[in-house]
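For reference, the structure is listed below as structure tokens.
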């Protein structure tokens, strides 16, 4: 019996030593895996805050936060994160990110499939890029740390006879929605349209997607018609997909080139 008790004692000591040796060094006591990962992020954010708080980075500074928990001074004024030492639970963080609005490059095309979410639309993405290469369109991206978290396309060819440019394929990656990136992308696209001397920007909203109408109306777009039809594309496997179109058309009269546009005053990274 005494030998058995001794064996249990040494096995327990060995287990504790093993667990201590594999525990992340960032933790001083046991935590859940989620908290451990978050704490590493908080430590990094705190370090960067001390070095770069308030510094203007290239692109557009936006706030991405789990709880939109910033003080009146914003991130630069109060760069504070919870920690174990001050008694604040480590359950959220506020991160300041630099966003660059730029034209798409060929190497962006695979990433624009967003981890398989838009892989079936590979042909559509490639067609939009080819339109840009020919000078008949533009494909603008919101770039965060090298990843395209948002996109908007412009087609100068389709409505050229009527003096309009078509804005289409506006999308923002799910974790970055609700932060104003959609507005930034629309304004950037409008600047491109203005630079080409086109007087009107037009876009379509599917009639079963009426909840987005107020977004465009706030940006100055007005109802200007209805469009029905269909288009065809093929998946990477070669399967043809036919999509019916039933849209409201929204239009916005843009200022002439050189006039104030009343937008965000953004410039593309290449400008």
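Residue numbers (the numbering used here): 376 to 646. Built from N, CA and C at the ideal position, the CB exists for glycine as well. The model shown is predicted, which means the values in this text are computed figures rather than measured ones.
The residues 500, 501, 504, in chain order, have a CB closer than 7 Å to that of residue 484 in the same chain once the five nearest residues on each side in sequence are set aside.
Closest by C-alpha distance to residue 510, out of 497, 528, 521, is 528. Using a 10 angstroms sphere on the CB of residue 557, the tally of other CB atoms reaches 16 or more, which defines it as buried. Following the DSSP letters along the chain, one finds residue 590 inside the alpha helix (DSSP H) bounded by residues 588 to 593. In the structure shown, residue 598 falls within a strand segment according to DSSP collapsed to helix, strand and coil. Per DSSP, residue 509 lies in no alpha helix (DSSP H) and is assigned neither H nor E. Within the DSSP bridge table, the entry for residue 541 names 530, 577 as partners. Taking the C-beta atoms as reference points, residue 576 is found no nearer than 8 Å to residue 545. One thing to note: residue 588 has its Cβ no nearer than 8 Å to the Cβ of residue 602. Within 10 angstroms of the beta-carbon of residue 627 lie 16 or more other beta-carbons, which makes it buried.
For residue 482, the closest alpha carbon among the candidates 523, 495, 470 is that of 523. Annotated as proximal: residue 476 and residue 517, with beta-carbon spacing under 8 Å. Rounded to whole angstroms, the Cβ separation of residue 473 and residue 515 is 16 Å, and the two are not in contact under 8 Å.
Per DSSP, reduced to three states, the secondary structure at residue 483 is helical. The Cβ atoms of residue 571 and residue 498 do not sit closer than 8 Å to each other. A distance below 8 Å separates the beta carbons of residue 525 and residue 560.
When DSSP states are grouped into helix, strand and coil, residue 625 belongs to the strand group. For residue 556, the enclosing alpha helix (DSSP H) begins and ends at 556 to 570.
For residue 478, the secondary structure class from DSSP, reduced to helix, strand or coil, is strand.
The beta carbon of residue 553 is closer than 8 Å to none in its chain, skipping five residues each way along the sequence. Residue state for residue 502 is assigned as helix, using DSSP reduced to three classes.
For residue 632 and residue 508, the gap between their C-alpha atoms comes out near 23 Å.
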